[in-house]
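These protein sequences, in sequence, are chains L and E. Numbering of the first sequence is given in our numbering, commencing with residue 208 and proceeding in unit increments. Numbering of the second sequence is given in our numbering, commencing with residue 184 and proceeding in unit increments. Below is one structure, written out as structure tokens; comments come after it.
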Amino acid sequence: MAEFHRKLERNAIGFVLAVIVVSGIGGFVEIAPLFTIDETVEHDPDMRVYTPLELAGRDIYIREGCSACHSQMIRTLRDEVERYGPYSLAVESQYDHPMLWGSKRTGPDLARIGGRYSDDWHVRHLVNPRDVVPASVMPRYGWLDENRLRTSDLGRRLAAQRGVGVPYTDAMIANAEADAIAQANPDNAGTSGVYERYGRETHVRPFDGDAEVLTEMDAVVAYLQILGGLTDAAHDQQPEG
Amino acid sequence: MIAQLSVAERQLALVVLGLLALAGLAMTVAGAVNGDLIAVHGLIVLVFAAVLMFVVGQGYYAPEPSPARLAQYYDDPTKVGIVLAMIWAVIGMFVGVWVAALLAWPELTFVDQAWASFGRIRPVHTSGVIFGFGGNALIATSYHVVQRTSRARLPGQFSPWFVLLGFNLFCILAASGYLMGITQNKEYAEPEWYADIWLTIVWVAYFVLFLRTLQRRKEPHIYVANWYYIAFIVVVAVLHIVNNLALPASMGEYKSYSLFSGVQDAMVQWWYGHNAVAFFLTAGFLGMMYYYLPKRAERPIFSYRLSIISFWGITFLYMWAGSHHLHYTALPQWVQTLGMTFSVVLLVPSWASAGNALATLNGAWTKVRDDATLRFMMVAAVFYGLSTFEGSFMAIRAVNSLSHYTDWTVGHVHAGALGWVAMITFGSFYALVPWMWKQSRMYSPKLVEVHFWLALIGTVIYVFAMWNSGILQGLMWRTYGESGGLAYSFMQSVEAMHPYYIARMIGGLCFLLGAIVGFYNIIMTIRMSRQGTQPDARDVPTARADQVLVAGE
């Protein structure tokens, strides 16, 4: 071995190639099959995509670095299932580009936070977490309530999502901006379009309490309220949980 | 320093900077049209290029440098790299202490602004220390080590600067982007698509530069330190490109979406994330250790065979280990099992490296006692052994069920980052700085001693605090009460963390103070060189010209 190596370490190009081959094996064996083995991700034809408003909320969640402290991945452990609900399935983050499973729980897991609290609770909590949870160490996010949501880029964002594999239709992309505005305003004429494109179950309401002005708060709360609600696959599979 | 560049290189620099300025201008205009934050980054690129063009312009008409320079090593980029690394260290560690304080006292935010919130400044800490401090230290030392161990000067005077300053532009784009909320949220790969493309260009230039230097070597063998630098450069390139594949919303917007989603994205991210630890924070710094530790101890490496085993072991095994970050998740179990198995086996080459380093010190223990510089490196090797043991242990599924998602992981990372990465860097810098500025010693050996103890105490406090909080947290989450329900609410576990979060901040503060002392000492050593230098006549590429062999022979 030492003799062979003495030769190898005299040849820089050969050494580089050896490093590429030796280091390449592990990743290839573990990653490539995840795209080809069918059971890797469960199939659920009813899985829906994020609405433009929810996607905007998700983008803000990413912008603020929320996943540094909140996971979205309930492990297959008894205490986690009791605390947070049915353990997470792969299909639930099928349309998550990138995934937000997280690696740290300075705060609790959010995979099934949708519907657990009222919109009003979320708004108060985000404006000042210590108003509703006195011992919280979470930062305040007051500016979400003040910033108007930028909607002009939503069509392009949906199109990019489709480019990486999320099944947004032409109609969804064309109406992205209007749908985002309508979803947070029940009086808007466009709400029927939102239901038509994203399903009757879609939440349409003034998430931040003010139907007139579309803020970043609307988007973030809309996103939080849909977490765990894009598919019932986990509940169907684990009825006890 | 511009005077050291040949006239042709000055012209090349102006052309490259001109292209960079154009790219910055295009980003500014496109961003302004869309009302997108990419415009701010365009401006930063533009200003960066303009400032450097001005610097090059100032020295443009200096006479052609003397050919005698080619008989010397080219160390200017290393010197600047050391200073840049120390600046990033102080910035990155300061932000680290700040975010640590925010977890203990969330209302302590001095400015109630979006940019100052925890979620935005935390990545400034991680990228600041990993890429700013660690990356600059790796580039600076790799230039020094590859020249000495190849007895060859770097092949040109332009590309070393392109790599060093280009890398720092990437770091600036990263840190300023986080403050504005520009992040793709991939752990330790947060910068957006255009910064990633720029880093790819810089990294290819780095690879070519390193390989060209090796090809000019006058030693038949490539020294073991360079094996690690090669692995660091090559594998990080592969990881970076695959993990950052993404589709931007448009060319005039910062926002992009990852090509991968869900479970595949999780696997790709942790394949990247864990091997960023392996090939950025381990392989590169092992390269440092394999050169500076034996040089400082004046002892040869204990075992050549151990070096070979540990190098190829690390290169092969680490790439399988990433999935241990995803135990009990929606990742298929066969991948989890592979990750765990290889993580445990990984202990063998890791301890072979640590043992090889410590055995090298045999016969030099009196030096370790008297010389804080060598002691930095010795402690680094010990922490390397400890944290790789801990890592293999935590990769076991049953242990991971407790440790994952808790502060234990944070403690483990810092045992490695403070105890190993930062300690070996400081030790190497204290050896390297007097050589670079041609002094017989650092400005103050006493301050090196002070830095050593601050760093060691800080690390120990930090790691113990996080072990306690992490294990407590994990146990509270899974404890059941008499009635058969969960015994503690999540908030009770948050409240229980408070004292440990304070202790962690104090540990981090000690470490930061040590880094500031080190920076001061380095600056004062540089100032000493103005009073006079003592060049080492042996420190030239052609010193042993009688033994010259053709590269690759």
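All residues carry an ideal CB built from backbone N, CA and C; glycine is no exception.
For E/Tyr-511, the closest C-alpha among the options E/Ala-480, E/Leu-585 and E/Ser-526 is that of E/Leu-585. For E/Tyr-475, the enclosing alpha helix (DSSP H) covers residues 467 to 480. Nearest to E/Ile-227 by C-alpha distance, out of E/Ala-204, E/Pro-246 and E/Gly-242, is E/Ala-204. Taking C-alpha positions only, E/Ser-310 is separated from E/Tyr-371 by approximately 7 Å. A direct Cα-Cα distance of roughly 21 Å separates E/Ala-686 from E/Ile-274. In this structure, the alpha-carbon of E/Thr-524 lies about 44 Å from that of E/Ile-705. Under the 7 Å criterion on CB atoms, E/Tyr-256 is classed as non-interfacial with respect to chain L. Using a Cβ-Cβ cut-off of 7 Å, E/Arg-395 does not count as an interface residue toward chain L, since no Cβ of chain L sits closer than that to its own. In this structure, E/Ala-670 sits away from E/Leu-655, with a CB-CB distance that is not shorter than 7 Å. By the criterion of a C-beta distance shorter than 6 Å, E/Leu-202 is surrounded by no residue of its chain, once the five residues flanking it on both sides are discounted. Look at E/Leu-514 here: in three-state DSSP terms it is coil, with no helix or strand label. Secondary structure remark: continuous alpha helix (DSSP H) runs of at least 4 residues inside the region 380 to 423 of chain L, in chain order: 383 to 390 and 398 to 405. Taking 7 Å as the threshold, the shortest C-beta distance from E/Asn-368 to chain L falls below it. Membership of E/Ser-359 in the alpha helix (DSSP H) is indicated by the continuous run 342 to 363. Taking C-beta atoms as the reference points, E/Trp-410 and E/Phe-494 count as a pair closer than 7 Å. Chain L places no beta carbon closer than 7 Å to that of E/Gln-717, leaving this residue out of the contacts. Under the Cβ distance rule, L/Asp-415 does not count among the residues neighbouring chain E, no pair being separated by less than 7 Å. The C-beta of E/Arg-193 comes no closer than 7 Å to any C-beta of chain L. What L/Pro-346 touches in chain E, judged by beta-carbon distance under 8 Å, is Leu-285, Pro-289, Thr-292, Ser-300, Phe-301 and Gly-302, going in chain order. Among the residues of chain L, those whose CB is under 9 Å from the CB of E/Ser-444 are Ser-300, Gln-301, Tyr-302, Asp-303, His-304, Pro-305, Met-306, Val-371, Gly-372 and Val-373, following chain order. Residues of the region 486 to 518 of chain E with a C-beta atom less than 7 Å from some C-beta of chain L are Arg-488, Ile-491, Trp-495, Thr-498, Phe-499, Met-502, Trp-503, Ser-506, His-508, Tyr-511, Thr-512, Ala-513, Pro-515 and Val-518, listed in chain order.
Distance from the Cα of E/Val-307 is smallest, within the candidate group E/Met-276, E/Leu-430 and E/Arg-661, for E/Met-276.
Counting the other Cβ atoms within 10 Å of the Cβ of E/Ile-405 gives 16 or more, which makes it buried. Within the model, the alpha-carbon separation for L/Asp-425 versus L/Ala-378 is close to 23 Å. For the C-beta of E/Gln-447, the chain L residues within less than 7 Å are, from N- to C-terminus, Leu-241 and Phe-242. Neighbours of L/Gly-264 across chain E, judged by C-beta separation under 9 Å, do not exist; the nearest C-beta is about 14 Å away. Looking from the CA of E/Leu-397, the closest CA among E/Ser-300, E/Val-565, E/Thr-332 and E/Gln-296 belongs to E/Thr-332. Non-local beta-carbon contacts of L/Ala-263 in its own chain, meaning distances under 7 Å to residues more than five positions away in sequence, involve Leu-356, Leu-361, Ala-387 and Ala-426 in chain order. Residue nearest to L/Pro-293 within the set L/Asp-245, L/Asp-316, L/Lys-311 and L/Tyr-405 is L/Asp-316 (criterion: CA-CA distance). Secondary structure of E/Leu-188 (DSSP, three-state): coil.
Within the DSSP bridge table, the entry for E/Leu-669 names E/Tyr-663 as partners.
Taking the Cβ atoms as the reference, L/Gly-309 lies roughly 6 Å from L/Gln-279, within the contact range of under 8 Å. For E/Tyr-440, the enclosing beta strand (DSSP E) has its first and last residue at 439 to 441. The Cβ atoms of L/Glu-271 and L/Ala-429 lie no closer than 7 Å to each other. Among the CB atoms of chain E, one or more fall inside 7 Å of the CB of L/Trp-350.
Within the region 361 to 435 of chain E, the beta strand (DSSP E) runs of at least 3 residues that lie entirely inside it are, in chain order, 429 to 431.
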